[in-house]
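A.B. asks:
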Amino acid sequence: MKRHVRLLALAAAMISGFANAQVSVSDAWVRATVPQQKATGAFLKLQAAQDSKLVAATSPLTPVVEVHEMAMQDNVMKMRQVPSIALPAGKTVELKPGGLHLMLHGAYAPVAAGEKVVITLKLADGRSLPVTFNARKAAP
Ligand SMILES: [Cu+2]
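Sequential numbering from 168 applies to the sequence shown in our numbering.
(1) For residue 268, count neighbouring Cβ atoms within 10 angstroms of its own Cβ and tell me buried if that reaches 16, exposed if not.
(2) State the DSSP-derived secondary structure class of residue 219, mapped to helix, strand or coil.
(3) Does ligand 1 have a heavy atom nearer than 7 Å to the CB of residue 244?
(4) Taking only runs that begin and end inside the segment 196-240, name each unbroken beta strand (DSSP E) of 3 or more residues, in chain order.
(5) Out of 248, 215 and 219, point me to the one whose CA is closest to residue 193's CA.
(6) Using only the alpha-carbon positions, how far apart do residue 247 and residue 237 sit?
(7) Who are the Cβ neighbours of residue 303 in its own chain at under 7 Å, not counting the five residues just before and after it?
(8) Could you compute how far the alpha carbon of residue 252 sits from the alpha carbon of residue 220?
(9) Please name the residue, chosen from 245, 202 and 212, that lies closest to residue 258 on a Cα-to-Cα basis.
(10) Straight-line CA distance for residue 249 to residue 191?
(11) Among 285, 207, 256 and 265, which has the Cα closest to the Cα of residue 243?
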């Protein structure tokens, strides 16, 4: 019986080990703002080693960061909040203008091109992933 419990504990440790697998990040950038502009978008490429989900994000730059997508609705391109973005194992998921993006609302300060903004991504397994975004005027 004791041996059985030990095996279960080992299996649980292995599972949580897998859940901690890496998510790699590239091309993280945030759109620089113009004076009086309080909202902007942030974009990046994500690749998870194991199936994961991006469920939320926070930043010291703004009180509110939402996960958004652009989609056609009655022939008009609109953006809306989505509950999460799936990160299938090994697949690169791109957040880009005109598609999925992070929306920053109520910026406390303007964002000039060349500045760096930290946004912490929250994953479905409870992990936090701080990412440095470079501010620029448009897509590279
Ligand atoms: Cu948006």
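C-beta atoms are modelled at their ideal positions from N, C-alpha and C, and glycine is treated no differently.
Please read all numbers here as calculations on a predicted model, not as lab measurements.
C.D. replies: So, from the data block:
(1) So residue 268 counts as buried.
(2) The DSSP-derived three-state label of residue 219 is strand.
(3) No.
(4) Under the rule that a run must span 3 or more residues, the beta strand (DSSP E) segments found entirely inside the segment 196-240 read 207-215, 219-225 and 231-240.
(5) If we check each option's Cα against that of residue 193, 215 comes out closest.
(6) Computed Cα separation, rounded: 7 Å.
(7) Once the five neighbours on either side are set aside, the close Cβ partners of residue 303 are 196, 199 and 280.
(8) When the Cα atoms are used, residue 252 and residue 220 turn out to be separated by approximately 6 Å.
(9) From the listed residues 245, 202 and 212, the smallest Cα separation to residue 258 is found for 212.
(10) Distance between the alpha carbons of residue 249 and residue 191 is about 22 Å.
(11) For residue 243, the nearest C-alpha among the options comes from 265.
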